[in-house]
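Participant:
Residue numbers (UniProt numbering): 1 to 322.
1) If you measure between the beta carbons of residue 64 and residue 55, is that distance less than 8 Å?
2) Can you say whether residue 51 is buried or exposed, counting buried as having 16 or more other CB atoms within 10 angstroms of its CB?
3) Is it the case that the region 192-204 contacts the region 161-172, given that we only count it when at least three CB pairs across the two stretches are under 8 Å?
4) In the region 135-203, which residue ranges form an unbroken alpha helix (DSSP H) of at least 4 residues, counting only runs that do not cross its ends?
5) Under 8 Å between the Cβ atoms of residue 129 and residue 185?
6) Looking only at C-alpha atoms, which of 112, 103 and 297 sits nearest to residue 90?
7) Less than 8 Å between the beta carbons of residue 85 and residue 3, yes or no?
8) Going by beta carbon distance, what residues of the same chain come within less than 7 Å of residue 156, once the five residues before and after it are set aside?
9) Under DSSP, the alpha helix (DSSP H) around residue 304 begins and ends at which residues?
10) Can you tell me where the alpha helix (DSSP H) holding residue 5 begins and where it ends?
11) Go through its chain and collect everything with a Cβ distance to residue 303's Cβ below 7 Å, but skip five positions before and after it.
12) Tell me, please, which residues DSSP counts as bridged to residue 92.
13) Is it the case that the Cβ atoms of residue 127 and residue 15 are separated by a distance below 8 Å?
14) What is the rounded straight-line gap between the Cα of residue 35 and the Cα of residue 274?
15) Put residue 225 into one of helix, strand or coil per three-state DSSP.
16) Would you mind working out which of 74, 94 and 114 sits nearest residue 102, comparing C-alpha positions?
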């Protein structure tokens, strides 16, 4: 299949690697010095947990071309997506998948369709990988072969869409998980990650300093975020998520978070992103705050305590510059 990856950060790079491994004709859109590195040396990824290095040679472009693509994956930070929506409306592909945190999914879907001369299916996805980009390579953290949760805004994918996606990843162990309401899924994911973001920033992006009390406060804050979404009428996705925060399963969740916080996994999965994506995380927090305004009296004491403990956004820009 002929596939375009629009965005060559950590997540887009691993997605490119998997699609190349599946034998697809992959084009990667990248800009600046990173584009030059990719053109000269190819895409080099160090897979941290697997302790291996891979090198791929996708076709690299610096701007959208007139080629036809069977699939387009757009992998950019949330606040950067708006700037490329007109491009996506003009891309020659019947299926466009927006990958990553997205609190404006409905607006983006409408914009792309309004710009498109031909009918386009706009899908939404989230890939469970982390890491950082270095000068000459990407460092990727993933469990197993990783995968993507993907679906429509408020609907299950069609058989044609599922078949196209399965074909793209055929022959790999990359997992595709179908979701029938990605709008709700994104909101639930944000309720999970924002307390971790707050804690990371409060600890100067060093989760190894997190105490037992702070980690437990984080888990309670996640519960509060989910309960707010339930009160607003959103389903909690994936299913059985809330059960993992109480009783025995809650204890396991605490243990997992503690292990992540005290090892390099926490750095690659959480704090590296906090350092490199201040603008994205501020935009996502503002979007979640808008949800809270619909229920201003809903109690979230643990959430608020974590938020109060972190520096303000201006200070974070001064510290990390992004």
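All residues carry an ideal CB built from backbone N, CA and C; glycine is no exception.
Facilitator: Put simply:
1) no
2) exposed
3) No, the region 161-172 is not in contact with the region 192-204.
4) 159-168 and 182-202, all fully within the region 135-203.
5) no
6) 112
7) At the C-beta level, residue 85 and residue 3 stay beyond 8 Å of one another.
8) 178 and 180
9) 301-309
10) Here residue 5 belongs to no alpha helix (DSSP H); instead the beta strand (DSSP E) covers 2-6.
11) Once the five neighbours on either side are set aside, the close Cβ partners of residue 303 are 195, 221, 224 and 225.
12) Listed as beta-bridge partners of residue 92 by DSSP are 68.
13) yes
14) Straight through space, the alpha carbons of residue 274 and residue 35 are spaced by roughly 23 Å.
15) Note: residue 225 maps to helix in three-state DSSP.
16) 74
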